[in-house]
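Participant: So the sequence shown is numbered by UniProt numbering: it starts at 1 and just counts up by one.
Think of the CB as a built atom: it goes at the ideal place given N, C-alpha and C, for glycine as much as any other residue.
Starting off with a structure, shown below.
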Amino acid sequence: MSQWNSGIHSRQIKEQICEIGRRVYDKGFAAANDGNISFRVGENEVLCSPTMICKGFMTPDDICAVDLEGAQIAGKRKRTSEILLHLAIMKHRPDVKAVVHCHPPHATAFAVAREPIPQCVLPEIEVFMGEVPLAPYETPGGNAFAETVLPFLEKTNTIILTNHGTVSFGATLEEAYWKTEILDAYCRILILTKQLGGQVHYLNEQKSRELLDLKKKLGFDDPRFHNENCDLCGNSAFRDGYKEQIPVTKAFDAPPAYPGYLKPASGVKEAAGALDPEAVVKLITDQVMAAMRG
């Protein structure tokens with residue numbers, strides 16, 4: 001039995017898309033006709049916002065439907081021109097039903113500056129978001145644009161689109177939207193910190209590890225739980241996805257070089273080495289030989 005039931009005529013879902021559109025517009029995340037929203041309602045059916053419409057003024061009758069290849073299958077208005085981005089995410093992430101793409105100003109400032117988002121700063125970001133990758137720029141609308149996010153989909157639900165905006169996704173429309181709101185609020189805090197004339201103060205290693213422990217306890221996944229080469233806050237979880245050079249922070253001090261979550265904490269290795277049997281035997285042997293020579 002299929003896990004999907006086609007809902008291309010569901011007024012409730014269409015109303016939810018309109019509600020998210022109003023939130024996006026009211027928050028200033030989408031000026032004029034910016035942004036697009038989608039929700040998967042069947043194995044091959046996706047409801048989406050139409051092109052050339054303000055997201056704050058949509059009605060359920062404006063919402064249209066496409067198949068997973070982008071062909072319009074329902075709706076009196078033409079589907080959004082950037083639907084291929086949404087569909088690429090859905091096809092590569094079967095758990096994703098909802099996608100929100102918009103231009104939140106503070107996060108988009110990081111996209112334009114091509115500045116990576118610092119980690120190990122705010123507890124909420126570490127627990128509910130994690131590292132946010134920067135997908136390379138491509139002209140919006142086509143398959144090449146949609147494919148820019150593919151290398152990053154496995155490890156995140158939020159991506160910055162270089163020189164463009166953001167895309168966030170999840171199991172529900174609210175979840176997808178919340179990711180955008182959390183990200184933009186964080187980016188605003190970072191920009192305000194910079195305007196105060198100071199640098200961000202990174203959490204120490206112990207506190208950073210405690211937050212990841214909490215994240216795991218709450219049942220949230222994180223690439224740092226699986227990748228030994230990913231340090232705690234060095235913006236390196238997506239190194240394999242970057243075709244170009246990994247983004248390097250310019251606006252803020254470089255993050256501290258803590259070992260990865262899967263590696264012993266700083267100081268633990270040294271303590272373990274002091275108790276290593278071979279090291280103890282060698283130390284005693286050296287002391288005995290020295291005494292005999294004396």
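If we ignore side chains and look at the alpha-carbon of each, how far apart do Asn163 and Asp240 end up?
Facilitator: Distance between the alpha carbons of Asn163 and Asp240 is about 21 Å.
Participant: How would you call Asp26, buried or exposed, if buried means at least 16 neighbouring beta carbons within 10 angstroms?
Facilitator: The residue in question, Asp26, is exposed, as its Cβ has fewer than 16 Cβ neighbours within 10 Å.
Participant: Let me know the secondary structure DSSP gives Val200 once reduced to three states.
Facilitator: Reduced to three states, the DSSP call for Val200 is coil.
Participant: For Cys18, which residues from the same chain have a beta carbon less than 7 Å from its beta carbon, with the 5 sequence-adjacent residues on both sides left out?
Facilitator: For Cys18, where only same-chain residues beyond five positions count, the Cβ hits under 7 Å are Met58, Thr59, Pro60.
Participant: DSSP puts Pro50 in a beta bridge; with which residues?
Facilitator: Pro50 pairs with Arg79.
Participant: My output table needs one value for Leu161: the three-state DSSP class, helix, strand or coil.
Facilitator: Leu161: strand per DSSP, three-state reduction.
Participant: I want to know whether the region 113-132 touches the region 142-160 - three or more CB-CB distances under 8 Å.
Facilitator: Segments in contact, yes.
Participant: Identify, in the order they occur along the chain, each residue of the same chain with its Cβ nearer than 6 Å to the Cβ of Asn36, setting aside the five sequence neighbours on each side.
Facilitator: Counting only Cβ-Cβ distances below 6 Å, and skipping sequence neighbours, we find Ser49, Thr80, Glu82, His101.
Participant: Relative to the C-alpha of Val121, which residue among Phe252, Pro259, Ser266 is closest?
Facilitator: Of the candidates Phe252, Pro259, Ser266, the one whose C-alpha sits nearest the C-alpha of Val121 is Phe252.
Participant: Which residues mark the beginning and the end of the beta strand (DSSP E) in which Arg40 is found?
Facilitator: Run containing Arg40: 36-42, per the beta strand (DSSP E) assignment.
Participant: At what residues does the alpha helix (DSSP H) containing Ala74 begin and finish?
Facilitator: Per DSSP, Ala74 belongs to no alpha helix (DSSP H); it is in the beta strand (DSSP E), 72-74.
Participant: Using the C-alpha atoms, what's the distance from Asp67 back to Leu85?
Facilitator: Taking the straight line joining both Cα atoms gives about 13 Å.
Participant: So what does DSSP say about His103, is it helix, strand or coil?
Facilitator: It is coil, neither helix nor strand.
Participant: Around the C-beta of Ala237, are 16 or more other C-beta atoms found within 10 angstroms, so that it is buried, or is it exposed?
Facilitator: Under this definition Ala237 is a buried residue.
Participant: Could you please give the first and the last residue of the uninterrupted beta strand (DSSP E) stretch that includes Val248?
Facilitator: Run containing Val248: none; DSSP gives neither H nor E here.
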